[in-house]
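So in my numbering, the last spot in the sequence shown is 73, and the numbers never skip.
Every residue, glycine too, gets a C-beta built ideally from N, C-alpha and C.
Structure first, then comments.
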Amino acid sequence: MKTVQTDIEQLQMKIAFQEDTIESLNQALIEQQKQIDDLQYQLKQMASKISAIEPSNMASEKEEMPPPHY
């Protein structure tokens, strides 16, 4: 009877440890998702700023003359 009780106690300890581990992993996942969301927002902001910049004075590839060695 003692071995059954001991086995039950060991299983309860393992379950408690696993629950703690799952909760820790869940918190890490929540933090990572928040970071991903923040980075996606920043990327969208940067993309809109870049698209708002006036085009440069450089000629496009079609307008460029080929180098003299062609």
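Practice item. Return the chain-ordered list of same chain residues with a C-beta closer than 8 angstroms to the C-beta of Asp41, the five sequence neighbours on each side being excluded. Key: So no residue of the chain qualifies.
**Study point:** Where Met16 falls: helix, strand or coil (DSSP)
**Key:** DSSP places Met16 in helix when its eight states are reduced to three.
Review point. What three-state label does DSSP hand Met68 in the structure shown?
Key: It is coil, neither helix nor strand.
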